[in-house]
Amino acid sequence: MSQLDLARLQFAMTSIYHFLFVPVTIGLSLLTATLQTAWYRGGQVAYLRLTRFFGTLLVINVAVGVVTGLVQEFQFGMDWSGYSRTVGDVFGAPLAMEGLAAFFLESTFLGLWIFGWDKLSKRVHLATIWAVAGGSALSALFIMAANSWMQHPVGYQVDPSTGRPQLDDVWALFTNPVFLRGYLHVLLAALVTGSMVMLSVSAWQLRKALRDDKGGTEDEAKSQAQTQSQAQSQSQAQAQAQSQSQGQDDPAAMKGEAAGFRLSARLSLFVLVPALMFAMLVGSELGVTEGKYQPMKIAAAEAQWETCQPCSFSLFQIGGGNNDQTPTQILEIPHLLSLLATNHWNGKVLGLNEVNSQYQQAYGPGDYVPNVFIQYWAMRVMAYLASLALLLGLWGLWLLRRERLTRSRWFLTAAVWAVVLPFLINTSGWLLTENGRQPWIVQGIQLTKNGVSSSVSTAEVAISIVAFFLLYAAMAVIAAVLMTRHTRKGTGPLHQDDQPATEMTY
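In this note's numbering, the protein residues as written are 7 to 512.
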């Protein structure tokens, strides 16, 4: 592999790993703030215990996310000095805003939230967790402004003496059409991720409570009845059969922890389903916007080599990569691609060959087609898994309405394993976004091959990849152990006097 390939591999590895933690921070901080608000307004002890429980998971996640985020900053000077020199006057502004404003806001108030339970008034302490949530969302705003500029450069002019872009309208970064839809899409994806994490953890605890409850199943009731008298056995079996036939939750009869995690499961479902629906709608609009400014990205996502009108959407196909322009489309839906790409039933979608010819006329000879295989399947993995997550959420809401959520072993088991879905969806979405821009590092301004550092050898990049891999593997093990241990521990028993210590008032 060349130095360029290794540099791209390293950036992809570290970026994907870092973005595993970013949406959890944004989503879980908002949900934790919501739980604490419920405790502040109603005084219900269960919400306090849930706030502390999920807040601890949030702190662990933030700690790992900060470490992995620092590496992202180093790489611009280490492997991508050509990129930094060319667009530093533009790209540096939002990164500086993110570091000076958002990061310090988030970290400062997170510290106040951690250590302020017995030192701040309830109102001030509640404000600190909302500040953490706001800081994490603000951090994503600046990063997305920078990334959206790479997709669709706006608000700049080229310095004739250096040939480099210079920012002349900072507000244009935040009115960029790609940014407006992309940032909202990221926030919704973060809510999906945070709510799915909360749902999975809650489902694990509810399933554990159901397994530990000897009256949880009819078989367990019959097994227990064998050691008792025949009359008592029949009475218990009848009572159990009646309970099983109803299949309903009984919050009043649930143990303390289970009752609490039923509340968090309900909150997560109420957030998950609408967030997923809106994320799909905004993502569809983002695709239309990218089709206008980056037609190559959309054509590659559909492996559409020839221009069509109207265009069918292929659900599954064989072939269609860069070396095969005649794929076998197993399943396709007429007109759907036209509708998704243009918002018109009979809309025209440019093919890869035509867009490549346009780019050659505008930028000179070359192959401007990205990796079509990655682009095609990244889009479908994202869309199909998001649909699966939506079905799970709707299933959970149906069970919640029927008051059977905590009694459904099938749903609780599925919800536990579904924790991987948002991470696969987010990763696929970023692969779709970044791979589709190739071979550009900044659309229409700089090619990726011109942004790599010329002074860094192939061996040095390879060594750094190994070092980062080992470091990230160690952090993954530490984070997994801490989160798993905390999840297994639960919130502990509930007590009516379980309140923070004496507060300082302001």
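Every residue gets a Cβ at the ideal spot worked out from N, C-alpha and C, and that includes glycine.
Have a look at the DSSP bridge pairing and note the partners of residue i.
i: Thr334; result: Ile324
i: Leu173; result: Tyr162
i: Val355; result: Cys314
i: Gln42; result: In the DSSP output, where bridge partners are listed per residue, Gln42 has none listed.
i: Gln452; result: Val448
i: Ala339; result: Contrary to the premise, residue 339 reads as Ile rather than Ala in this sequence. Ile339 is bridged to Phe319.
How big is the Cα-Cα spacing for residue i and residue j?
i: Met316; j: Leu391; result: As written in the sequence, residue 316 is Pro, which differs from the Met given in the question. Their backbone Cα atoms lie some 27 Å apart in a straight line.
i: Trp416; j: Val425; result: 15 Å
i: Ala305; j: Val30; result: 31 Å
i: Trp136; j: Ser35; result: 8 Å
i: Asn153; j: Gln16; result: 18 Å
i: Thr57; j: Trp119; result: 11 Å
i: Leu111; j: Gly117; result: 10 Å
i: Val130; j: Gly48; result: 17 Å
i: Phe379; j: Val294; result: 21 Å
i: Ala307; j: Thr454; result: 20 Å
i: Phe109; j: Leu193; result: 17 Å
i: Gln323; j: Ile336; result: 5 Å
i: Trp423; j: Gly297; result: 35 Å
i: Leu26; j: Pro159; result: 27 Å
i: Val184; j: Pro376; result: 19 Å
i: Ala389; j: Gly435; result: 9 Å
i: Leu126; j: Ile22; result: 37 Å
i: Leu397; j: Arg268; result: 20 Å
i: Val207; j: Val279; result: 17 Å
i: Val472; j: Phe115; result: 35 Å
Would you identify the three-state DSSP class for residue i, choosing helix, strand or coil?
i: Tyr162; result: strand
i: Phe284; result: helix
i: Leu427; result: helix
i: Leu26; result: coil
i: Gln230; result: Low local confidence applies: a pLDDT of 45 at Gln230 is under 50, so the model's placement there is unreliable, and no value is given.
i: Val458; result: coil
i: Glu308; result: coil
i: Arg91; result: helix
i: Asn329; result: coil
i: Ser8; result: coil
i: Gly442; result: coil
i: Arg14; result: helix
i: Ser167; result: coil
i: Arg415; result: helix
i: Lys125; result: coil
i: Arg410; result: coil
i: Asn349; result: coil
i: Gln367; result: helix
Starting from residue i, trace the beta strand (DSSP E) both ways and give me its first and last residue.
i: Trp446; result: Trp446 to Val448
Looking only at C-alpha atoms, which of the options sits nearest to residue i?
i: Gly266; options: Leu144, Thr439 and Trp45; result: Trp45
i: Gln42; options: Gln172, Leu273 and Pro171; result: Leu273
i: Ala264; options: Leu287, Val294 and Lys214; result: Lys214
i: Phe276; options: Val96, Ala482, Leu205 and Val487; result: Leu205
i: Asp597; options: Val448, Gln364, Arg170 and Leu179; result: Nothing about residue 597 can be reported from this structure: the residues present for the chain run from 7 to 512 only.
i: Val13; options: Ser460, Thr493, Glu312 and Met286; result: Per the sequence presented here, residue 13 reads as Ala, with Val not at that position. When each option's Cα is compared against that of Ala13, the closest is Ser460.
i: Ala151; options: Asp124, Ile120 and Leu101; result: Leu101
i: Gly357; options: Tyr369, Trp351 and Thr332; result: Thr332
i: Tyr299; options: Leu337, Leu278, Leu173 and Gln364; result: Gln364
i: Gly98; options: Val487, Met156 and Asn352; result: Met156
i: Asn362; options: Gly457, Pro301, Ala480 and Thr439; result: Pro301
i: Trp177; options: Leu190, Ala195, Leu147 and Val192; result: Leu147
i: Ser201; options: Gln452, Glu308, Leu287 and Leu64; result: Leu64
i: Pro445; options: Gln366, His492, Ala389 and Phe80; result: Gln366
i: Trp86; options: Leu476, Val467, Glu360 and Ser113; result: Val467
i: Met7; options: Gly289, Thr464, Thr20 and Tyr23; result: Thr464
i: Gly457; options: His341, Gln81 and Phe319; result: Gln81
i: Asp174; options: Glu104, Leu269, Tyr162 and Asn182; result: Tyr162
i: Ile339; options: Ile149, Trp351 and Gly372; result: Trp351
i: Ile66; options: Phe284, Ile484 and Ala133; result: Ile484
i: Leu287; options: Arg91, Val203, Leu37 and Leu190; result: Leu190
List the endpoints of the continuous alpha helix (DSSP H) containing residue i.
i: Asn153; result: Lys128 to Gln157
i: Thr464; result: Thr464 to Lys495
i: Trp404; result: Val378 to Arg407
i: Asp373; result: First-last for Asp373: undefined, no H or E at that position.
i: Thr114; result: Phe110 to Phe121
i: Arg217; result: Pro183 to Asp218
i: Gly71; result: Val51 to Met84
May I ask you to check if the CB of residue i is nearer than 6 Å to at least one heavy atom of the ligand PLP?
i: Leu394; result: Summarising the ligand content, the structure contains no ligands, and the ligand PLP is consequently not present.
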